[in-house]
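*Asks:* Here the sequence shown stands for residues -8 to 88, numbered as in the numbering used here. All C-beta atoms, glycine included, are put in the ideal place defined by N, C-alpha and C.
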Amino acid sequence: MTRWITLVSLLCVFALALMLAYANGAIVHLDYLVGSEQVHLSSALLGAAVVGWLLGLVSSFGVVWRLRRENRKLQRSIREAEAEIRNLRSLPFKHER
-8 MTRWITLVSL LCVFALALML AYANGAIVHL DYLVGSEQVH LSSALLGAAV
42 VGWLLGLVSS FGVVWRLRRE NRKLQRSIRE AEAEIRNLRS LPFKHER
């Protein structure tokens, strides 16, 4: 069922993107650091969205790397604690009165 919901959602987003591209077909003058060019407004919007997505992806790599490193450290700590618990369970129990 979730596969169908995902497919219908993607089709709706694609149809919305096509309508946006059709509605924004005007030519705009795009100035950037090393030159300028005339492009369709929808292409400029798509380019800006892709560049923004890529910058977000690159900026998240540091956080993801730090969290994975912390996860490995915590997993190692869990293994050490479990080994210590196994060792303590094997010791004889002395009951003092």
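Measure the Cβ-Cβ separation of residue 47 and residue 33 and say whether it is below 8 Å.
*Replies:* As a first step, residue 47 is located in the sequence shown; it is residue number 56 there, counting from the start. As a first step, residue 33 is located in the sequence shown; it is residue number 42 there, counting from the start. No; because the gap between Cβ atoms is not below 8 Å, this pair is not in contact.
*Asks:* Please look up how many angstroms separate the CB atoms of residue 21 and residue 35, rounded, as I've assumed it's under 8 Å.
*Replies:* By one-based count along the sequence shown, residue 21 stands at place 30. By one-based count along the sequence shown, residue 35 stands at place 44. So it is a contact: roughly 6 Å between Cβ atoms.
*Asks:* Express the C-alpha separation of residue 66 and residue 8 in angstroms, rounding to a whole number.
*Replies:* By 1-based counting over the sequence shown, the position of residue 8 is 17. By 1-based counting over the sequence shown, the position of residue 66 is 75. Approximately 44 Å between the Cα atoms of the pair.
*Asks:* Tell me where the beta strand (DSSP E) around residue 19 begins and ends.
*Replies:* Locating residue 19 in the sequence shown gives position 28, counting from the first residue. It spans 18 to 23 - the beta strand (DSSP E) in which residue 19 sits, taken as one unbroken run.
*Asks:* Got a sec, what are the start and stop residues for the alpha helix (DSSP H) residue 85 sits in?
*Replies:* What you label residue 85 is simply residue 94 of the sequence shown in a count that begins at 1. It is not in any alpha helix (DSSP H) - residue 85 carries neither H nor E in the DSSP assignment.
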